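So the structure is just underneath, and the comments pick up after that.
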Amino acid sequence: MSYLKSLVFITVLLVFNCLTAQQTAVFDNDFSNYQKGLSLYNAKQFLSAQHMFQKVQAEAKTQVLLAESAYYIANCAVRLNQSNAEQLVMNFVEQYPTSTKRNTAFLDIGNYYFDTKKYAYAKKWYDKVVEANLNFSDKENFNFNYGYTNFSIGNKKDAERYLQRVTTSKTYGAQAKYYIGFMAYQGDDYNTANTYFEQVSDNEKYKEKLSYYQADLNFKLGKFQEAINLAKQQLPKGNAEEVSELSKIIGESYFNLEQYNEALPYLKAYKGKKGKWNNTDFYQLGYTYYKQNDFENAISEFNKIVDGRDAVSQNAYYHLGESYIKLDKKTEALNAFKNASEMSFDAKIKEDSWLNYAKLSYEIGNPYQSVPQVLNGYLEAYPNTGYKDEIETLLIDSYITSKNYREALSLLESKRGTKNREALQKVAFYLGLELYNDNKYTEALGMFNKSVSEPANQNILARTLFWKAETEFHLNNFQESLISLKQFQQHAEAKATPEYEDLNYSLAYVYFKLKNYNQAANYFDDFVTKNAKNTSQLNDAYLRLGDSYFMATNYPQAINAYEKANKIGSIEKDYAAFQIAMSQGFSGKTNEKISGLKSFISTYPNSGLRDDAMFELANTLVKTNQTNDALKLYDQLNSEYKNSVFIPRSLLRQGLVYYNNNNTGKALAKFKKVAGDYPNTEEANQAVATARLIYIDIGQVDQYAQWVKTLDFIEVSDAELDNTTYLAAEKQYLDGNAKSAIKQFNGYINSFPNGLHSLKAHFYLAQLYYADNLFENAQPHYSYVLEQSANEYSEQAMVKLSEIYLNTGNWNDAILVLKRLENSASYAQNKVFAQSNLMNAYYQIKKFNEALNYAESVLSTTTDSKIKNDAQIIVARTSLELGKTEKARQAYAQLEKTASGALMAETLYHNAYFKNLDGQFEASNTLIQRLAKDYSSYKYFSAKGLLVMAKNYSALNDNFQATYILESVLKNFTQFEDVTTEAQETLNSIKEAAAKTNASVETNND
């Protein structure tokens, strides 16, 4: 008989006795209804029973029946899950505090909720039970139910306390021991768990469940072989999830026993928690492959560890680095060792990783830090390392090989010492070369002087002297350049340097600039004699040799040099031909000069010297009394070259021819045209002076006076003062007294704004300001020169004014001047200058088609390697902007052969980018590693290259490398917002993909 039924029976007897005593008909009726309610209750017809008890309660005349009815009404409400059930129970307890069913009510309702697995509700009522009032059977049941209830809701302390009370119970003992053991298992108290599990291991009910737990317990207790045996016994009986977990126990047990071959299939069979592995799982499988020398698979598993920051991850990254080394993947190894070196869980692994990271940085370069910083960092972290001498040796050499000269210089200057002197000398030298190649001559000179002041390595000292001379040459310090070249020439190591073969060439140029033409000729001649290569430099040397002989009036030798120049190259062939003709004339061979100039005019119709040739030929024809032919040629020149500097001269010469032939009318017409169209020029002054003579000869001085009054640039009465004031200023200029000359030229211009010499005064003043780097002061004076009609200073003024505009970023004004220079330049180098700067200016204002056209034109006309590189990069950049990807590819590919410095950094990045687009991920990474090793000082392209590298690794399924690189970019290149934005987006994408299989990965989409 159940506990509840016993209570009912006793209650019935009590009620029956009372009713018998009273012997009333009403009582009989109430009791009958009460019995009906009990019958319905026992039949689990709770709603009907509740109605019957409510009827009894409404009609009952005794406290016993009222209490009994209230109890059963509440009890039925609980079972019917009525909303007021608990309130009914509490009402019963409060209304009938002496009822024998009070404790029974709490226990009974608790048991109901226990049976229906509503353990939180059950505990609420069990808490109210008075244990002392329970009989033995009820107490045993209560202890188990209450213990299990606490177990189910996670209250393990109370669960164990109550379950311990029934461990010897025949009914509940086995269950209690199982749950106590299970709680110990969950609390990692494996010995206690094992003790209890062993006591119920023969119980069929728990045997199946215990196989897994006992296997896992033995594993956790370090009894790996026993764990293997137990798990293998259970393996054939398990479902898919159990097989996965048992495989993990077997595989990890073999792993801990270092039986990696046996571990492998079981570790691979593990499916993960909810289909996801964690970092430890990847590490164990990766290390198992590693121990079997299967480095490819080891890498595949290790690099799935993303976001790892624990001892397991540190081990994994270290062995990942070693696996990459075994496969000669040093770039990948660098990142893995870096990651391991940044963790402190294992000091030995940290130090070994640091050492490997430092050595690899030296060997292959480092895209995140300069190699000297890395090596210094290792020595600072481990000052007593056994590798100190080796690392210090690498450190000295790394200052050079890293090419990150600015950072290296800063580090070296902060740690000056005897060991660092040679490194400082070399770094200053190479930084100087870099600045020189970027046309930063003043800064370059400072670096060369710094290098010379640390003469530890004599070979480097000799090389520095040479480049110091070259820099001084570009700064127009020709005397200082000569001194440096002589020092280089006399240095014992000079002949062992690559610069020595250019010594005579450089000396020749310096002497030429110093106007020591005989010495220049000697050195140019020596250079061309010893240099048998058919190069553009040799071509140029022959041209300048010809110029030196020409300036030294050794015309036969000049002709010989010009002819050789034309035989070996295509540079300035028109210039050489013109100079040959001129040299023939100065040699007294007038007919050869005339023939040469005529041939030149027909052979080079597009030459910038053609108007020069026409003018010279016409002058020569005048001298040989071929005045008609001369006059026709002057007219041709005036017609074809309306903006030529020779037009006023041509008109003046025509006037003089007419004057000498007594054709005063035509002579005056030409002179007046010169004075009217080309005021403020020397030709205008001469035209006025000659016209004055004609007017005097023909007795028309009044007409001369009237004409002169119409000319703004001449005041007859002030002419002598004008000349005197100008000549005083010019003398200061010619004597090299710049400050005094500036003052006096300004005085002249203020006194004679339209003076006879205003053109020359403005030009000389502009040159003085320019030489003193006072470009804003120079600008209006160059502009004045260009506002006048074409003159002998126009071309120089255009070059200088355009340089001023270019240097200040005034691109539109620069374009106007450069276009004019392009169309009127007499010298080939000025035309190239105009076109090369036009391509750059158009690029700056985003007129990419125009920039591209000029760049292609420059490439087709120049042989200068630096200018060709400049043009090639404009082709590449504009092609990208215009969507001409294939053209950009070709341009960057061409640049890779010749570029250096920042240009090479940009080139390598784009070539790597194109290879990524083509799916050539490893080839792309090779280029980026070269960028990182040799051009790490160019931070922007280093950062951009790393972005491409991360994408390459992602495509190669190497998530560790991709993630590590992107996180490093975010950490080290915050100054480049476009790069870090793209890096974060790429990183989020990779982590989202990795999170689908790796439980350790946390995504961040902020």
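First residue of the sequence shown: 1, per the UniProt record's numbering; consecutive thereafter.
Just so you know, even glycine gets a beta-carbon here, dropped at the ideal spot from N, CA and C.
Remember, predicted model here, so these are calculated numbers, not experimental data.
In the displayed model, Asn103 falls within a helix according to three-state DSSP.
Spanning the alpha carbons of Tyr748 and Gln425 requires a straight line of approximately 51 Å.
Between Tyr441 and Thr464, the C-beta spacing is not below 8 Å. Partner residues in the beta bridge of Lys276, as assigned by DSSP, are Lys273. The alpha-carbon of Leu908 is positioned some 47 Å away from that of Gln259. The beta carbon of Gln292 sits closer than 8 Å to those of Tyr260, Asn261 and Leu264, all from its chain and outside the five residues before and after it, given in chain order. Burial is judged here by how many other beta carbons sit within 10 angstroms of a residue's own beta carbon; Arg877 has at least 16 and is buried. Separation of the CB atoms of Ala841 and Ala814 is rounded to 5 Å, and the pair is thereby assigned contact status at 8 Å.
About 4 Å separates the Cβ atoms of Ala741 and Gln732, confirming a contact at the 8 Å cut-off.
Residues of the same chain with a CB within less than 7 Å of the CB of Met52, apart from the 5 flanking positions on each side, are Asn33, Lys36, Gly37 and Leu40 in chain order. If you ignore the 5 residues before and after His910, its C-beta comes within less than 6 Å of the C-beta of Tyr892, all in its own chain and listed in chain order.
Counted as a single uninterrupted DSSP element, the alpha helix (DSSP H) harbouring Ser599 occupies residues Thr590 to Thr603. Residue state for Asn998 is assigned as strand, using DSSP reduced to three classes. Shown here for Gly308: same chain residues with a beta carbon closer than 6 Å to its own, the five before and five after excluded, namely Asn279 in chain order. Listed in chain order, the non-local C-beta contacts of Ser826 below 8 Å within the same chain comprise Gly608, Leu609, Asp611, Asp612, Val645 and Glu795, local neighbours out to five positions each way being set aside. The beta carbons of Lys139 and Met183 sit no closer together than 8 Å.
Contact between the region 951-970 and the region 242-250 is not established, with fewer than three Cβ pairs separated by less than 8 Å. Annotation for Ser900: Asn437 place their beta carbon closer than 7 Å to its own, counting only its chain and skipping 5 residues before and after. Closest option to Leu882, judged by alpha-carbon separation, among Ser313, Asn849 and Asn91: Asn849. Taking a contact as a CB-CB distance under 8 Å, the pair Ser402 and Pro372 counts as one, their CB atoms being some 6 Å apart.
Pairing Phe114 with Ala120 gives a Cβ-Cβ distance that is not under 8 Å. Cβ neighbours of Met614 within its own chain (closer than 7 Å, five residues either side excluded): Ile601, Leu633, Gln636 and Leu637. Take Leu395, set aside five residues on each side of it, and the residues of its chain with a beta-carbon closer than 7 Å to its own are Pro372, Leu375 and Asn376, in chain order. Taking all protein chains shown into account, Asn315 has 16 or more neighbouring C-beta atoms within 10 Å of its C-beta and is therefore buried. In the three-state reduction of the DSSP assignment, His757 falls in the coil class.
It is roughly 48 Å from the alpha-carbon of Ser865 to the alpha-carbon of Asn625. Taking every protein chain shown into account, the CB of Gln175 has 16 or more other CB atoms within 10 angstroms, so this residue is buried. Here Asn143 really is in contact with Arg165; their C-beta atoms are around 4 Å apart, less than 8 Å. Take Ser398, set aside five residues on each side of it, and the residues of its chain with a beta-carbon closer than 7 Å to its own are Tyr362, Val371, Pro372 and Leu375, in chain order. By the Cβ rule, the region 382-390 does not count as touching the region 405-416, because fewer than three pairs are nearer than 8 Å. Residues Val510, Lys513 and Leu514 of the same chain have their beta carbon placed closer than 7 Å to that of Phe478, with the five preceding and five following residues left out of the count. Taking the Cα positions, Ala85 is about 23 Å away from Ile153. Cβ contact annotation for Pro648 (same chain, cutoff 6 Å, sequence separation greater than five): Val674, Tyr678, Thr681 and Glu683, in chain order.
In its chain, beyond the 5 residues on either side, Lys670, Lys673 and Val674 have a beta carbon closer than 6 Å to the beta carbon of Leu651. Thr620 counts as buried, since at least 16 other C-beta atoms from the protein chains shown sit within 10 angstroms of its C-beta. Of His491, Ile180 and Asn141, the smallest CA-CA separation from Asp158 is found for Ile180.
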